[in-house]
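Take a look at the structure below.
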Amino acid sequence: MLNPKWLNTFETLAETSSFTQTAERLFMTQPGVSQHIKKLEAELGEVLIYREGKQFELTQAGMMLMAFVAEQKQQQNDFLVRLKADSPHQGSIRIACSGTMAMTLYPLLLAHQKQHPDLSIHLEAAPAERIRHYLMENLIDIGISTQRIDHPSIMEKPLGEEDLSIVVPVTANIESNDYAGLIALGYINHPDGQHYADLVFTANFAAQYRGLESMKISGYVNQLAQILLPVSKGLGFTVLPTGVIDGFSAPKALACFALEKPISQTVYLAQKRHRALPQRYEPVIALIEQAIQ
(Lines of atoms letter the chains of each structure in order from A and count residues from 1; the text may use other names and numbers.)
(Lines give C-alpha, C1' and ligand atoms only; values in the text may rest on other atoms or scores of the structure.)
Protein backbone atom coordinates (compact mmCIF):
# COMPACT_ATOMS: atom_id res chain seq x y z
CA MET A 1 0.00 0.00 0.00
CA LEU A 2 1.42 3.38 -1.01
CA ASN A 3 2.28 5.72 1.84
CA PRO A 4 -0.59 8.26 2.08
CA LYS A 5 1.80 11.02 3.26
CA TRP A 6 3.97 10.60 0.17
CA LEU A 7 0.89 10.60 -2.05
CA ASN A 8 -0.39 13.78 -0.41
CA THR A 9 2.98 15.46 -0.95
CA PHE A 10 3.02 14.38 -4.59
CA GLU A 11 -0.54 15.57 -5.19
CA THR A 12 0.19 18.96 -3.60
CA LEU A 13 3.36 19.33 -5.63
CA ALA A 14 1.49 18.54 -8.85
CA GLU A 15 -1.20 21.10 -7.96
CA THR A 16 1.17 23.92 -6.97
CA SER A 17 3.96 23.16 -9.47
CA SER A 18 6.30 24.48 -6.76
CA PHE A 19 8.50 22.75 -4.18
CA THR A 20 8.48 26.00 -2.14
CA GLN A 21 4.68 26.32 -2.06
CA THR A 22 4.29 22.60 -1.37
CA ALA A 23 6.66 22.84 1.59
CA GLU A 24 4.81 25.88 2.95
CA ARG A 25 1.36 24.32 2.53
CA LEU A 26 2.37 21.06 4.18
CA PHE A 27 4.57 22.67 6.86
CA MET A 28 7.62 20.84 5.57
CA THR A 29 11.10 21.74 4.33
CA GLN A 30 11.87 21.64 0.61
CA PRO A 31 14.35 18.76 1.14
CA GLY A 32 11.55 16.93 2.96
CA VAL A 33 9.28 17.35 -0.08
CA SER A 34 12.02 16.03 -2.37
CA GLN A 35 12.58 13.08 -0.05
CA HIS A 36 8.89 12.10 -0.18
CA ILE A 37 8.93 12.20 -3.98
CA LYS A 38 12.10 10.10 -4.16
CA LYS A 39 10.66 7.53 -1.75
CA LEU A 40 7.47 7.34 -3.80
CA GLU A 41 9.47 6.88 -7.01
CA ALA A 42 11.56 4.16 -5.34
CA GLU A 43 8.40 2.41 -4.16
CA LEU A 44 6.86 2.49 -7.64
CA GLY A 45 10.09 1.93 -9.54
CA GLU A 46 9.13 4.83 -11.84
CA VAL A 47 10.26 8.42 -12.37
CA LEU A 48 7.32 10.70 -11.53
CA ILE A 49 8.65 14.17 -12.36
CA TYR A 50 11.07 15.41 -14.96
CA ARG A 51 13.25 18.23 -13.60
CA GLU A 52 14.69 20.95 -15.79
CA GLY A 53 16.43 23.61 -13.74
CA LYS A 54 13.97 24.96 -11.18
CA GLN A 55 11.04 23.80 -13.29
CA PHE A 56 9.57 20.32 -13.58
CA GLU A 57 6.72 18.50 -15.25
CA LEU A 58 5.00 15.20 -14.63
CA THR A 59 6.19 12.16 -16.52
CA GLN A 60 3.70 9.68 -18.00
CA ALA A 61 3.95 7.67 -14.76
CA GLY A 62 3.37 10.87 -12.78
CA MET A 63 0.21 11.67 -14.75
CA MET A 64 -1.04 8.12 -14.23
CA LEU A 65 -0.41 8.44 -10.49
CA MET A 66 -2.35 11.71 -10.37
CA ALA A 67 -5.28 10.00 -12.11
CA PHE A 68 -5.04 7.18 -9.57
CA VAL A 69 -5.09 9.64 -6.65
CA ALA A 70 -8.16 11.36 -8.14
CA GLU A 71 -9.91 7.99 -8.51
CA GLN A 72 -9.14 7.10 -4.89
CA LYS A 73 -10.53 10.40 -3.65
CA GLN A 74 -13.69 9.94 -5.72
CA GLN A 75 -14.14 6.41 -4.40
CA GLN A 76 -13.75 7.71 -0.86
CA ASN A 77 -16.33 10.44 -1.47
CA ASP A 78 -18.74 7.92 -3.00
CA PHE A 79 -18.27 5.65 -0.01
CA LEU A 80 -18.97 8.46 2.44
CA VAL A 81 -22.16 9.31 0.55
CA ARG A 82 -23.29 5.67 0.68
CA LEU A 83 -22.32 5.48 4.34
CA LYS A 84 -24.55 8.41 5.23
CA ALA A 85 -27.39 7.40 2.94
CA ASP A 86 -29.89 5.17 4.74
CA SER A 87 -32.95 4.68 2.58
CA PRO A 88 -35.83 2.79 4.22
CA HIS A 89 -36.67 1.18 0.86
CA GLN A 90 -33.31 0.38 -0.69
CA GLY A 91 -30.60 -2.19 -0.03
CA SER A 92 -30.31 -5.85 0.95
CA ILE A 93 -32.29 -7.59 3.69
CA ARG A 94 -30.39 -10.58 5.10
CA ILE A 95 -32.39 -12.92 7.33
CA ALA A 96 -32.09 -16.51 8.51
CA CYS A 97 -34.90 -18.45 10.17
CA SER A 98 -36.27 -21.97 10.49
CA GLY A 99 -37.82 -23.59 7.46
CA THR A 100 -41.27 -23.46 9.00
CA MET A 101 -40.89 -19.75 9.69
CA ALA A 102 -39.62 -19.19 6.16
CA MET A 103 -42.87 -20.57 4.74
CA THR A 104 -44.79 -17.91 6.64
CA LEU A 105 -42.41 -15.01 6.15
CA TYR A 106 -41.21 -15.35 2.57
CA PRO A 107 -44.53 -14.45 0.88
CA LEU A 108 -44.81 -11.39 3.13
CA LEU A 109 -41.24 -10.32 2.38
CA LEU A 110 -41.78 -10.74 -1.36
CA ALA A 111 -44.93 -8.62 -1.19
CA HIS A 112 -42.91 -5.94 0.61
CA GLN A 113 -40.17 -6.14 -2.03
CA LYS A 114 -42.76 -5.81 -4.80
CA GLN A 115 -43.82 -2.49 -3.25
CA HIS A 116 -40.16 -1.41 -3.02
CA PRO A 117 -38.21 -2.97 -5.94
CA ASP A 118 -34.88 -1.46 -4.82
CA LEU A 119 -34.86 -3.88 -1.89
CA SER A 120 -33.12 -7.24 -2.23
CA ILE A 121 -34.45 -10.04 -0.01
CA HIS A 122 -32.02 -12.75 1.09
CA LEU A 123 -33.78 -15.38 3.24
CA GLU A 124 -31.92 -18.46 4.46
CA ALA A 125 -33.88 -21.35 5.93
CA ALA A 126 -31.59 -22.98 8.48
CA PRO A 127 -31.56 -24.83 11.82
CA ALA A 128 -30.78 -22.92 15.00
CA GLU A 129 -27.04 -23.72 15.11
CA ARG A 130 -26.52 -22.50 11.58
CA ILE A 131 -28.49 -19.32 12.29
CA ARG A 132 -26.16 -18.67 15.23
CA HIS A 133 -23.11 -19.19 12.99
CA TYR A 134 -24.45 -16.89 10.28
CA LEU A 135 -25.13 -14.15 12.81
CA MET A 136 -21.77 -14.43 14.56
CA GLU A 137 -19.95 -14.32 11.21
CA ASN A 138 -22.00 -11.30 10.01
CA LEU A 139 -23.43 -13.29 7.10
CA ILE A 140 -26.92 -12.14 8.08
CA ASP A 141 -28.24 -9.10 9.94
CA ILE A 142 -31.10 -10.73 11.86
CA GLY A 143 -31.86 -14.28 12.87
CA ILE A 144 -35.23 -15.67 13.95
CA SER A 145 -35.24 -18.80 16.06
CA THR A 146 -37.00 -20.50 18.95
CA GLN A 147 -33.62 -21.44 20.44
CA ARG A 148 -31.78 -18.62 22.17
CA ILE A 149 -28.18 -17.85 21.27
CA ASP A 150 -27.23 -16.45 24.69
CA HIS A 151 -24.01 -14.68 23.68
CA PRO A 152 -22.77 -11.31 25.04
CA SER A 153 -22.47 -9.85 21.54
CA ILE A 154 -26.01 -10.87 20.56
CA MET A 155 -29.17 -9.00 21.49
CA GLU A 156 -32.40 -11.03 21.49
CA LYS A 157 -36.01 -10.03 21.96
CA PRO A 158 -39.13 -12.22 22.06
CA LEU A 159 -41.53 -11.78 19.14
CA GLY A 160 -44.32 -14.14 20.16
CA GLU A 161 -45.22 -17.78 20.64
CA GLU A 162 -45.22 -20.66 18.14
CA ASP A 163 -47.54 -23.61 18.85
CA LEU A 164 -46.38 -27.15 18.07
CA SER A 165 -48.62 -29.97 16.92
CA ILE A 166 -48.28 -33.70 16.38
CA VAL A 167 -49.60 -34.12 12.84
CA VAL A 168 -51.08 -37.48 11.85
CA PRO A 169 -52.92 -38.77 8.78
CA VAL A 170 -56.63 -37.99 8.99
CA THR A 171 -57.25 -41.72 8.50
CA ALA A 172 -55.35 -42.60 11.70
CA ASN A 173 -57.75 -43.62 14.45
CA ILE A 174 -55.65 -43.07 17.56
CA GLU A 175 -56.81 -41.96 20.99
CA SER A 176 -55.11 -38.94 22.57
CA ASN A 177 -53.30 -41.08 25.17
CA ASP A 178 -52.32 -43.92 22.84
CA TYR A 179 -48.56 -43.45 22.68
CA ALA A 180 -47.91 -46.94 21.31
CA GLY A 181 -50.46 -46.49 18.52
CA LEU A 182 -48.92 -43.15 17.62
CA ILE A 183 -45.31 -44.26 17.35
CA ALA A 184 -46.40 -47.36 15.44
CA LEU A 185 -47.15 -45.02 12.55
CA GLY A 186 -43.48 -44.13 12.29
CA TYR A 187 -41.91 -40.68 12.57
CA ILE A 188 -41.28 -38.47 9.53
CA ASN A 189 -38.10 -36.70 10.58
CA HIS A 190 -36.80 -33.31 9.38
CA PRO A 191 -34.04 -30.83 10.38
CA ASP A 192 -35.95 -29.60 13.46
CA GLY A 193 -37.62 -32.95 14.08
CA GLN A 194 -35.46 -33.96 17.05
CA HIS A 195 -35.96 -30.66 18.85
CA TYR A 196 -39.72 -30.54 18.27
CA ALA A 197 -40.22 -34.19 19.26
CA ASP A 198 -38.25 -33.75 22.49
CA LEU A 199 -40.38 -30.76 23.50
CA VAL A 200 -43.76 -32.36 22.80
CA PHE A 201 -43.13 -35.92 23.94
CA THR A 202 -41.17 -35.03 27.08
CA ALA A 203 -44.11 -32.89 28.24
CA ASN A 204 -46.89 -35.32 27.28
CA PHE A 205 -45.36 -38.81 27.43
CA ALA A 206 -42.50 -38.49 29.91
CA ALA A 207 -42.89 -42.07 31.17
CA GLN A 208 -42.76 -43.67 27.72
CA TYR A 209 -40.55 -41.37 25.64
CA ARG A 210 -36.91 -42.42 25.39
CA GLY A 211 -35.75 -40.07 22.68
CA LEU A 212 -36.28 -40.00 18.95
CA GLU A 213 -33.76 -42.80 18.48
CA SER A 214 -36.18 -45.17 20.26
CA MET A 215 -38.90 -44.51 17.65
CA LYS A 216 -39.48 -46.08 14.28
CA ILE A 217 -38.33 -43.55 11.65
CA SER A 218 -40.44 -43.83 8.52
CA GLY A 219 -38.62 -41.16 6.56
CA TYR A 220 -36.64 -37.94 6.49
CA VAL A 221 -36.98 -34.86 4.30
CA ASN A 222 -35.25 -31.49 4.58
CA GLN A 223 -37.63 -29.66 2.24
CA LEU A 224 -40.25 -28.15 4.51
CA ALA A 225 -42.96 -28.03 1.86
CA GLN A 226 -42.63 -31.82 1.51
CA ILE A 227 -42.60 -32.88 5.18
CA LEU A 228 -46.37 -33.22 5.42
CA LEU A 229 -46.67 -35.08 2.10
CA PRO A 230 -45.79 -38.55 3.49
CA VAL A 231 -48.02 -37.85 6.50
CA SER A 232 -50.96 -37.04 4.21
CA LYS A 233 -50.38 -40.37 2.44
CA GLY A 234 -50.58 -42.29 5.73
CA LEU A 235 -46.86 -43.11 5.87
CA GLY A 236 -46.19 -41.68 9.32
CA PHE A 237 -46.56 -38.69 11.63
CA THR A 238 -44.43 -35.70 12.49
CA VAL A 239 -44.18 -32.67 14.81
CA LEU A 240 -44.32 -29.18 13.32
CA PRO A 241 -45.51 -25.68 14.17
CA THR A 242 -49.28 -25.63 13.85
CA GLY A 243 -49.30 -22.82 11.30
CA VAL A 244 -47.55 -25.01 8.72
CA ILE A 245 -50.63 -27.18 8.35
CA ASP A 246 -52.69 -24.31 6.93
CA GLY A 247 -50.13 -23.77 4.19
CA PHE A 248 -50.11 -27.41 3.08
CA SER A 249 -51.73 -28.21 -0.27
CA ALA A 250 -54.02 -30.89 1.18
CA PRO A 251 -54.82 -29.92 4.79
CA LYS A 252 -57.94 -32.12 4.86
CA ALA A 253 -55.68 -35.18 4.67
CA LEU A 254 -54.14 -34.22 8.01
CA ALA A 255 -55.23 -34.11 11.63
CA CYS A 256 -53.70 -32.81 14.85
CA PHE A 257 -53.16 -35.40 17.56
CA ALA A 258 -54.83 -34.16 20.76
CA LEU A 259 -52.29 -33.20 23.43
CA GLU A 260 -53.03 -33.10 27.12
CA LYS A 261 -50.34 -30.44 27.54
CA PRO A 262 -50.21 -28.08 24.54
CA ILE A 263 -46.70 -26.95 23.74
CA SER A 264 -45.57 -23.58 22.46
CA GLN A 265 -42.14 -22.03 22.18
CA THR A 266 -41.02 -18.43 22.21
CA VAL A 267 -39.76 -17.00 18.94
CA TYR A 268 -36.76 -14.69 19.30
CA LEU A 269 -35.33 -12.07 16.96
CA ALA A 270 -31.55 -11.86 17.30
CA GLN A 271 -29.09 -9.26 16.03
CA LYS A 272 -25.57 -8.06 16.82
CA ARG A 273 -25.69 -5.85 19.92
CA HIS A 274 -23.36 -3.14 18.64
CA ARG A 275 -24.46 -3.04 14.98
CA ALA A 276 -27.36 -0.68 14.41
CA LEU A 277 -29.65 -1.96 11.68
CA PRO A 278 -30.35 0.27 8.66
CA GLN A 279 -33.76 1.92 8.40
CA ARG A 280 -34.91 -0.59 5.81
CA TYR A 281 -35.15 -3.24 8.52
CA GLU A 282 -37.80 -1.35 10.53
CA PRO A 283 -40.79 -2.18 8.27
CA VAL A 284 -39.45 -5.72 7.75
CA ILE A 285 -39.25 -6.39 11.49
CA ALA A 286 -42.76 -4.98 11.86
CA LEU A 287 -43.96 -7.47 9.24
CA ILE A 288 -42.25 -10.33 11.07
CA GLU A 289 -43.73 -9.32 14.42
CA GLN A 290 -47.20 -9.10 12.93
CA ALA A 291 -46.87 -12.51 11.25
CA ILE A 292 -45.76 -14.23 14.46
CA GLN A 293 -48.21 -12.54 16.78
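Each residue of the sequence shown is one higher than the last, beginning at 1 in my numbering.
Ideal placement from N, C-alpha and C gives every residue a C-beta, glycine not left out.
Quantities reported herein were computed from a predicted structural model and do not represent experimental measurements.
Beta carbon of residue i nearer than 9 Å to that of residue j
{"i": "T146", "j": "Q265", "result": "yes"}
{"i": "Y196", "j": "M215", "result": "no"}
{"i": "V194", "j": "L182", "result": "Per the sequence shown, residue 194 should be read as Gln rather than Val. Result no, Cβ atoms of Q194 and L182 do not sit closer than 9 Å."}
{"i": "P241", "j": "T100", "result": "yes"}
{"i": "V267", "j": "I144", "result": "yes"}
{"i": "V167", "j": "C256", "result": "yes"}
{"i": "P169", "j": "S232", "result": "yes"}
{"i": "H133", "j": "H116", "result": "no"}
{"i": "L135", "j": "A291", "result": "no"}
{"i": "R275", "j": "D150", "result": "no"}
{"i": "L164", "j": "V200", "result": "yes"}
Assigned exposure category for residue i - 16 Cβ within 10 Å defines buried
{"i": "D86", "result": "exposed"}
{"i": "I217", "result": "exposed"}
{"i": "N204", "result": "buried"}
{"i": "Q271", "result": "buried"}
{"i": "S153", "result": "exposed"}
{"i": "A27", "result": "According to the sequence provided, residue 27 is Phe. The question's Ala does not apply to it. The residue in question, F27, is exposed, as its Cβ has fewer than 16 Cβ neighbours within 10 Å."}
{"i": "A111", "result": "exposed"}
{"i": "I230", "result": "Correcting the residue identity first, residue 230 is Pro in this sequence and not Ile. So P230 ends up on the buried side."}
{"i": "A258", "result": "exposed"}
{"i": "R94", "result": "buried"}
{"i": "D246", "result": "exposed"}
Residue from the options whose Cα sits closest to the Cα of residue i
{"i": "I59", "options": "A70, F68, E71 and E46", "result": "Going by the sequence as given, residue 59 is Thr instead of Ile. Checked all of A70, F68, E71 and E46; the closest Cα to T59 is E46."}
{"i": "H185", "options": "F237, E162 and N222", "result": "Here residue 185 is Leu; the residue named in the question, His, does not match the sequence. With distances taken between Cα atoms, L185 lies closest to F237."}
{"i": "L119", "options": "I288, T104, Y281 and Q293", "result": "Y281"}
{"i": "L48", "options": "E156, G62 and A225", "result": "G62"}
{"i": "S176", "options": "I140, E260, K84 and R148", "result": "E260"}
{"i": "E228", "options": "A14, F56, P251 and L139", "result": "This sequence places Leu at residue 228; Glu is not what is there. Looking at the Cα atoms, P251 is the closest of the given residues."}
Boundaries (first-last residue) of the beta strand (DSSP E) holding residue i
{"i": "M66", "result": "Looking at the DSSP string, M66 is not in any beta strand (DSSP E); the run it does join, the alpha helix (DSSP H), is Q60 to K84."}
{"i": "N189", "result": "Y187 to N189"}
{"i": "V239", "result": "T238 to P241"}
{"i": "R51", "result": "I49 to E52"}
{"i": "I121", "result": "L119 to A125"}
Opening and closing residue of the alpha helix (DSSP H) in which residue i lies
{"i": "L224", "result": "L224 to S232"}
{"i": "T146", "result": "No alpha helix (DSSP H) contains T146, which DSSP labels as neither H nor E."}
{"i": "S34", "result": "Q30 to L44"}
{"i": "L182", "result": "Y179 to I183"}
{"i": "A128", "result": "A128 to M136"}
{"i": "L254", "result": "Not the alpha helix (DSSP H): L254 falls in the beta strand (DSSP E), residues L254 to F257."}
{"i": "H195", "result": "G193 to N204"}
{"i": "F27", "result": "No alpha helix (DSSP H) contains F27, which DSSP labels as neither H nor E."}
For residue i, three-class secondary structure by DSSP
{"i": "K157", "result": "strand"}
{"i": "S264", "result": "strand"}
{"i": "Y209", "result": "coil"}
{"i": "P169", "result": "strand"}
{"i": "K5", "result": "helix"}
{"i": "S214", "result": "helix"}
{"i": "R94", "result": "strand"}
{"i": "G247", "result": "coil"}
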